[in-house]
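Here is the structure we will look at, set down as structure tokens.
In this note's numbering, the protein residues as written are 20 to 425.
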């Protein structure tokens with residue numbers, strides 16, 4: 020293997036799983052707010068991190084003039100740049116961009132990831148625009164026994180981009196792991212890998228790329244031969260978002276294939292009210308719109324019914340207060356959850372009141388109010404509505420009742 024040029028070997032199939040953090044890191048967030056730039060502009064903060072970067076950027080763009088998958092040249096070139104292996108001698112550390120990036124993704128200090136935000140925005144935008152591969156078994160491996168790091172039944176997270184092959188014999192060839200020595204093969208039941216062959220420097224290989232923050236359950240471990248271990252991993256949708264989507268409505272997971280994925284991957288056990296964070300917007304749009312319309316009608320009717328009158332409102336169910344000119348009945352059950360008059364509440368309580376799912380907010384950013392401006396009251400937030408704040412900009416939210424109390 021040492022006599023074969025590294026240019027013929029996709030080294031990304033090997034090695035990066037060795038030093039995955041043993042504890043759960045903070046989610047990868049913040050990069051999505053960056054603008055989409057040219058590859059040169061996106062890589063500008065990396066010029067002092069990755070050597071000879073301008074040369075490889077130029078090569079990547081020259082080879083990406085007719086991109087597939089409806090990507091732009093810049094997006095396709097961002098993928099190609101990731102797949103390129105820097106020319107280094109055997110006695111020097113590989114300085115390829117992907118090695119620097121993956122090492123940083125596994126750092127517990129997320130501040131070290133900031134110089135990569137521009138590139139991640141372009142790179143992940145490109146990857147998410149490529150349709151997810153169908154659910155299938157993919158492979159990667161290492162020259163080491165990693166069984167102790169993968170106890171059966173445990174859940175593990177890979178924070179780096181992980182390159183996989185569709186063919187186990189590829190890894191068993193002499194170009195990669197071979198058939199001798201200590202080896203660990205990962206058999207991965209993947210649900211959202213991206214096929215990047217059309218954008219890769221390795222145009223003859225069916226490389227499947229798993230995104231950062233990929234979450235697994237260890238299903239089994241086999242030892243079919245001396246010094247050979249096979250770890251079977253089932254990719255799962257994590258209980259919380261580990262990778263922020265690169266743009267609004269981005270499909271990290273394949274919405275069209277939800278029927279082929281076990282229900283346990285999408286819903287918490289015995290609870291149908293918890294919808295998957297990446298499906299909520301599309302599935303509930305019509306329901307949320309209808310409920311929001313009903314709420315608007317009810318509120319307007321209450322306001323118009325009390326305008327220009329001298330009536331007083333008694334906040335008790337089935338109680339009527341009459342003046343000399345107008346009689347107004349207010350059923351607090353129509354305004355408040357379980358009929359109780361609430362106190363103003365915290366922002367967090369208002370956020371999650373509409374269906375109890377803390378994950379729904381990840382697909383909405385930048386202070387957007389879904390369904391228009393609304394006053395939030397404890398226990399009363401219309402299903403499908405939420406306020407989401409920009410992570411970097413402090414925003415004041417005023418909590419108050421939605422009807423006058425005097």
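C-beta atoms are modelled at their ideal positions from N, C-alpha and C, and glycine is treated no differently.
Using only alpha-carbon positions, find the residue among the options that is nearest to residue i.
i: residue 161; options: 200, 204, 176; result: 204
i: residue 79; options: 66, 100, 153; result: 100
i: residue 156; options: 182, 91, 139; result: 182
i: residue 196; options: 143, 212, 163, 180; result: 163
i: residue 140; options: 62, 126, 105; result: 62
i: residue 117; options: 191, 228, 253, 256; result: 228
i: residue 50; options: 254, 39, 134; result: 134
i: residue 218; options: 72, 44, 83; result: 83
i: residue 214; options: 137, 102, 125, 106; result: 102
i: residue 91; options: 145, 255, 168; result: 145
i: residue 426; options: 166, 220, 224, 147; result: For the chain, the structure presents residues 20 to 425; residue 426 sits outside this window and is missing.
i: residue 216; options: 96, 52, 66, 58; result: 96
i: residue 68; options: 123, 44, 248, 233; result: 123
i: residue 256; options: 248, 234, 184; result: 234
i: residue 129; options: 59, 261, 154, 237; result: 261
i: residue 53; options: 41, 136, 115; result: 136
i: residue 44; options: 65, 125, 55; result: 125
i: residue 76; options: 223, 57, 88, 86; result: 57
i: residue 249; options: 190, 131, 65; result: 190
i: residue 104; options: 70, 59, 149; result: 70
i: residue 254; options: 224, 242, 173; result: 173
i: residue 252; options: 113, 222, 202, 166; result: 166
i: residue 271; options: 149, 138, 175, 86; result: 149
i: residue 224; options: 188, 202, 60, 246; result: 188
Run the CB neighbour count on residue i, radius 10 Å, all protein chains shown included, and call it buried at 16 or more, exposed below.
i: residue 198; result: exposed
i: residue 259; result: exposed
i: residue 47; result: buried
i: residue 244; result: exposed
i: residue 142; result: buried
i: residue 120; result: buried
i: residue 313; result: exposed
i: residue 177; result: buried
i: residue 151; result: buried
i: residue 211; result: buried
i: residue 170; result: exposed
i: residue 73; result: exposed
i: residue 38; result: exposed
i: residue 209; result: buried
i: residue 441; result: No answer is possible for residue 441: the residues shown for the chain start at 20 and end at 425.
i: residue 159; result: buried
i: residue 184; result: buried
i: residue 206; result: buried
i: residue 230; result: buried
i: residue 42; result: exposed
i: residue 180; result: buried
i: residue 239; result: exposed
i: residue 186; result: exposed
i: residue 81; result: exposed
i: residue 266; result: exposed
i: residue 115; result: buried
i: residue 361; result: Caution is warranted here: a pLDDT of 39 is assigned to residue 361, below 50, making its placement in the model unreliable, and no coordinate value can be reported.
i: residue 241; result: exposed
Following the continuous alpha helix (DSSP H) through residue i, name the residue where it begins and the one where it ends.
i: residue 77; result: 72–81
i: residue 59; result: 58–61
i: residue 119; result: 116–124
Give me whichever residues DSSP pairs with residue i in a beta bridge.
i: residue 178; result: Paired residues: none, contrary to the question.
i: residue 51; result: Answer is none; residue 51 lacks a bridge partner.
i: residue 95; result: Residue 95 pairs with nothing; no bridge assigned.
i: residue 208; result: 156, 253
i: residue 227; result: 183, 214
i: residue 201; result: The partner list for residue 201 (beta bridge, DSSP) is empty, contrary to what the question assumes.
i: residue 248; result: 203
i: residue 69; result: Its beta-bridge partners do not exist; DSSP assigns none.
i: residue 161; result: 203
i: residue 262; result: 47
Span of the beta strand (DSSP E) holding residue i?
i: residue 142; result: Segment 136–148 is the alpha helix (DSSP H) holding residue 142; no beta strand (DSSP E) there.
i: residue 243; result: 233–244
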